[in-house]
Every structure is written in C-alpha cells, then in structure tokens.
Amino acid sequence: MEIARIALVTGANQGIGFALVEGLAARMGPGDTVLLTGRDGRRVADAVSLVAGAPGTRSRVEGRVLDVTDARAVAAMAAELDERHGGVDIVVSNASALLTPERSQSEQADEFIAVANGGTHAMLRSFGPVLRSGGRMVVVASSLGTLGHLDPRLHPLFDGTSLDEVEQAVESWRTAVHAGTAEDLGWPRWLNVPSKVAQVAAVRAVAAQRRTRDVPEGTLIAAVCPGLVDTRLSRPWFADFSQAQTPARAARAVLDLLLSERVDPEFYGELVRFGGVLPWYGGTPLHEQDGQLIA
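Start counting at 1 in the sequence shown, then tack on 19, and there's your number in this note's numbering.
Here you go:
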C-alpha cells in the first residue's frame with residue numbers, strides 16, 4: 020500500500036511559497052497532505068481556502084501557523100509530524116521578510132536575518148532529522164547565494180564550515196551592521212547578499228554531514244534558485260522586470276525537483292537553478308546605485 024506523503028512549505032501565504040503549495044496540491048495524490056504555513060493565522064486560512072477551492076487541487080491542504088523565527092515552535096511542529104506521520108516527505112524553507120531601500124539596512128537587519136537565516140537554521144535543524152528516506156528538503160535562496168558575491172576576506176567564514184559556524188558568522192555580520200563597521204570589514208551594504216550566501220552555506224554544512232547516508236537513499240537536501248520573480252519583495256530592488264517570472268512560472272522547476280522520482284546526486288548540497296548547479300565559488304560582488312543593484 021502506498022504511504023501518504025506529507026509536504027510542508029513555509030512563508031506560503033503569497034508569492035512563490037503560495038505557488039509551490041498550489042503546485043504540490045495539484046501534483047501530489049488525493050491521500051497526500053500539503054501544509055501551508057505562515058505567521059498570520061487569517062492570511063494562512065485565506066490562502067488555504069484559495070488553494071483548496073482551485074479546480075486542479077487533488078491533495079488535502081491544511082493551514083498551520085508557524086513563525087520560523089521561533090526555533091521551539093519549529094521543533095515542536097517537526098516532532099508532531101514525526102509522531103503523527105512518521106516524518107515528512109517534502110520540506111520547503113521559503114520564509115523571508117520584506118527589505119526596502121527606503122529604510123536603512125541596520126533598521127531592518129534584525130527581523131530580516133531572523134527570518135531568512137534564523138528560520139533556515141531552525142528548519143534544517145528540526146526537519147532534517149524527520150525527513151523520510153527519499154524525501155526532499157530545499158531552501159529557497161537565489162543566485163546571489165554563491166560565495167563569489169562576497170569579498171574574498173569573508174570566504175573563510177562560510178566555506179567548509181559547520182552549521183554552528185555559519186550561525187556564528189551570521190551573528191558577527193549582524194553585530195557589524197549595527198556597529199557601523201560592516202562595510203569596512205568587506206560586507207555588502209545590501210543585506211540580501213550575505214543572507215543568501217549564509218543560507219546556501221547552511222545547506223552545504225548540513226548536507227556535508229548527511230551525504231553518505233542520504234545520496235544512496237535518494238534523499239535530497241539542497242538550496243534552490245527560482246530565478247527573478249515578480250513579487251513585492253523583489254520589486255524595490257531591481258529596475259528591469261522584463262525577464263521576471265510570475266510566481267507560478269518560477270515554481271515549476273522547483274516542483275519538478277521536489278517531485279521527481281530520481282534526483283541527480285550532483286544536486287545534493289548545492290544551489291540548483293533550472294535543473295543545473297550554480298558553482299559555489301561563482302559570482303562577483305555587487306554594489307548599489309540609486310537604490311538599484313548593479314553587477
């Protein structure tokens with residue numbers, strides 16, 4: 020008898036998180052469950068109603084309130100799903116906080132880092148151990164998450180490190196932002212660049228510990244880059260949206276990865292975009308000009 024699958028997506032009220040829930044609910048089976056999570060109970064309920072009422076929905080969709088900055092809440096949900104279902108099959112860590120050019124980066128640092136990085140760390144720590152054999156766990160990052168986007172002075176903080184060391188590096192960066200010394204130390208002004216690099220570094224750190232067990236079982240832990248997506252989070256930062264995707268379109272390649280019967284072992288622990296691996300050491304530092312990003 021086929022075992023019912025459990026999928027969970029964080030930051031799923033809107034944007035690509037919502038599109039991923041829609042896609043999972045349409046492509047998974049009638050006995051499967053997709054958990055749509057977010058911080059606001061009303062928005063979660065509204066989003067669940069939209070997906071559940073869509074013509075293509077096949078799976079059961081349930082809403083859960085989850086604040087990924089609360090590591091205890093994340094751990095409790097992982098333990099509950101493990102107890103009730105024997106683990107989870109698909110986990111998408113997607114939560115992110117809005118970052119705008121109108122406010123200083125230091126004003127926004129604590130919330131942004133807590134969601135994007137603290138949330139990623141909490142999800143990896145708590146849901147990694149309950150991921151079923153052959154499961155998929157991905158962190159939604161971006162092409163900015165490659166090490167080459169940082170000043171070379173900062174590379175040792177994220178290259179070949181443990182998850183604990185990644186967390187320490189993130190905290191030292193956050194402290195430098197508040198102290199006004201971040202740029203002198205080589206950190207980019209825009210918070211999203213080191214945040215994405217740290218997300219991918221966290222994935223790589225966890226994957227390095229699990230690789231010998233996971234790869235033979237067909238289990239995947241990876242970061243994913245959906246490409247430029249036209250959402251309220253990206254709108255303030257990029258001038259040209261002519262090549263931007265809708266969330267639904269951007270979700271397709273990620274869904275193909277999550278639901279594929281077999282995953283290329285080369286993807287394990289890497290940053291994957293459109294079916295290929297983005298080299299960890301690739302990329303060049305970016306700078307800001309008039310509130311827009313320039314290569």
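We put the CB at the ideal spot given by N, CA and C, even for glycine.
All figures in this text were calculated on a predicted structure; none of them were measured in a lab.
Indicate the three-state DSSP secondary structure (helix, strand or coil) for SER214 in the structure shown. Here SER214 sits in helix by DSSP.
Pairwise C-alpha distance: ARG155 and VAL282: Approximately 9 angstroms, taken between the alpha carbons.
Taking only the alpha-carbon atoms, compute the straight-line gap between ASP183 and ARG292 and give it to the nearest angstrom. 26 angstroms
Which of helix, strand or coil does DSSP assign to GLU81? For GLU81, the secondary structure class from DSSP, reduced to helix, strand or coil, is strand.
The region 143-154 in contact with the region 215-228 per 3-pair CB rule at 8 angstroms: yes
Pop quiz: LEU305 and HIS168 are said to be a contact at Cβ under 8 angstroms. What is the actual Cβ separation, rounded to whole angstroms? 6 angstroms
Below 8 angstroms on the Cβ atoms is my guess for VAL53 versus MET47; work out the distance and round it to an integer in Å. 7 angstroms
C-beta atoms of PHE177 and LEU239 nearer than 8 angstroms: no
Just reading off the beta strand (DSSP E) that ASP108 is part of, what are its end residues? 107-112
Reduced DSSP secondary structure (H/G/I, E/B, other) of GLN33: coil
DSSP bridge partner residues for LEU27 (one or two, in chain order): LEU54 and VAL110
For GLN264, the residue or residues it bridges with in DSSP: VAL248
Closest to SER112 by C-alpha separation, out of LEU297, ALA71 and VAL157, would be which residue? Measuring from the Cα of SER112, the nearest candidate turns out to be VAL157.
Per-residue burial, ILE22 [other beta carbons within 10 Å of its own, 16 or more giving buried]: exposed
What's the gap between the Cα of GLU99 and the Cα of ARG79? 18 angstroms
Around the C-beta of PRO207, are 16 or more other C-beta atoms found within 10 angstroms, so that it is buried, or is it exposed? It is buried - the Cβ of PRO207 has at least 16 other Cβ atoms within 10 Å.
What would DSSP say about SER191, mapped onto helix, strand or coil? helix
In this structure, does DSSP put LEU274 in helix, strand or coil? helix
Please go through the region 84-147 and give each complete alpha helix (DSSP H) segment of 4 or more residues, from N-terminal end onward. 90-104, 124-132 and 138-146
Going by C-alpha distance, which of THR76, GLY50 and GLY82 is nearest VAL63? GLY82
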